[in-house]
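Residue numbers (this note's numbering): 33 to 417.
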């Protein structure tokens, strides 16, 4: 009989530990703490600090010990059973939650699949498998609209302490999401043959990536784009389908790197001030809007990507007469810790016997990928990037 009791208790103890993903020793200590808590409730005493609870790991027999002497009341097991059960369950839940947090602590900086579970004010609660995470409004992609049961890929940004306990924070706007998606979609990146050297992003608008080949014979840009743009298209679709992605070959030559970073603008002239790390860029008038981008986004990201202060100036197109203007210069502040980008509006030009040139329209399925030599890849079903 004792062997049977020993076996049943040991099996039950190990089963609980296995199901909850806990250390059996922690479960045993939790049960001991629960027994002492039950004794404290039913047998109040001023000497509670001198008492300890022990449990035989073989038989499961519980005892209350005071200074080495067994002081367990008769029938204590039956009286305290229900109270002990509740405390045990609560402690196990706490240990289980802590084990999950510890597990996800090692996953910070990685991407995970998840599902939108509910809305908590401006924040979104996400089911990421073993637990739930929170996506604050600051980590949401402004170009996306979320709905219940929506399945997405999330970037684990960190764990935050709150009055309600620790929370796992996930993001759809972090540049790490783009990096993780390229690691997933591009084998050369996952294997280390291609390095994503610099990634800058304005979520919902545009991302620029400088890539570099660490293996001879591997084309870093072509690897990230994929045949007919299939790889970059998969990444874009995961980002919501509307974000533009410029893939640029990293270069240690500033002129070539800045020229590529200002894609999709072409015919760019770059003059460098090495001491001040400033670049004066001259582009044709019909390329100026592309170089600057909507609300200065393209040149702002180019400055962050290259680390150079960029001053853009327009130059007249052949066939147009110069007309002076006193329009003031516009400045775009990238961020407190990033270069300032100055954008000079070109002098207005009067068109001679020409119709007004319409703004460049971005094709709905065009994937533009830039290297020091411009390359355009046509995708089948992708928004412009």
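Cβ atoms here follow ideal geometry from the backbone N, Cα and C, with glycine treated the same way.
- In this model, residue 263 and residue 217 are separated by some 6 Å (Cα to Cα).
- Annotated three-state conformation of residue 54 is coil, per DSSP.
- Proximity to residue 189 across 178, 180, 167 and 177 peaks at 167, based on C-alpha coordinates.
- It is roughly 9 Å from the alpha-carbon of residue 100 to the alpha-carbon of residue 84.
- The beta carbons of residue 127 and residue 59 sit closer together than 9 Å.
- Here residue 185 carries a strand assignment [DSSP, helix/strand/coil].
- Setting aside the 5 residues that flank it on each side, residue 174 is surrounded in the same chain by 236, each with a C-beta closer than 6 Å to its C-beta; the list follows chain order.
- Excluding sequence positions up to five before and after residue 64, its CB lies within less than 6 Å of the CB of 85 and 87, all in the same chain and listed in chain order.
- In the structure shown, residue 312 adopts extended strand secondary structure according to DSSP, grouped into three states.
- Of the candidates 156, 193 and 228, 156 places its Cα closest to the Cα of residue 203.
- The C-alpha of residue 122 lies about 40 Å from the C-alpha of residue 271.
- Secondary structure of residue 89 (DSSP, three-state): coil.
- A Cβ-Cβ separation of about 10 Å leaves residue 187 out of contact with residue 146 under the 8 Å criterion.
- Straight-line measurement puts the Cα of residue 129 at about 46 Å from the Cα of residue 325.
- Taking 9 Å as the cut-off, the Cβ atoms of residue 231 and residue 184 do not count as close.
- Under the 10 Å beta carbon count, residue 242 is surrounded by 16 or more other beta carbons and is classified as buried.
- Taking a 10 Å sphere around the C-beta of residue 275, we find 16 or more other C-beta atoms and assign the residue as buried.
- With respect to residue 312, residue 285 sits apart: the two C-beta atoms are not nearer than 9 Å.
- Comparing C-alpha distances from residue 248 to each of 258, 90 and 225 shows the shortest one belongs to 225.
- According to the DSSP assignment, residue 263 belongs to the alpha helix (DSSP H) that extends over 262 to 270.
- Within the region 144 to 215, complete beta strand (DSSP E) segments of at least 3 residues are found at 155 to 159, 164 to 167, 183 to 194 and 197 to 203, given in chain order.
- Our two residues, residue 309 and residue 342, have alpha carbons roughly 9 Å apart in a direct line.
- Assignment of residue 273 by DSSP, reduced to helix, strand and coil, places it in the coil class.
- CA-to-CA, the gap between residue 228 and residue 81 works out to about 59 Å.
- For residue 179, the closest C-alpha among the options 137, 200, 207 and 152 is that of 152.
- Taken through DSSP and simplified to helix, strand or coil, residue 283 comes out as coil.
- Residues 89 and 90 of the same chain have their beta carbon placed closer than 8 Å to that of residue 42, with the five preceding and five following residues left out of the count.
- DSSP places residue 333 inside the alpha helix (DSSP H), whose first and last residues are 329 to 338.
- The DSSP-derived three-state label of residue 302 is strand.
- Straight across, the Cα-Cα distance linking residue 154 with residue 201 is about 14 Å.
- Nearest neighbour of residue 134 by Cα position, chosen from 68, 120, 118 and 162, turns out to be 162.
- With contacts defined by Cβ atoms closer than 9 Å, residue 316 and residue 299 form a contacting pair.
- Under DSSP, residue 45 shares a beta bridge with no residue.
- Counting the other Cβ atoms within 10 Å of the Cβ of residue 330 gives 16 or more, which makes it buried.
- According to DSSP, residue 245 shares a beta bridge with 226.
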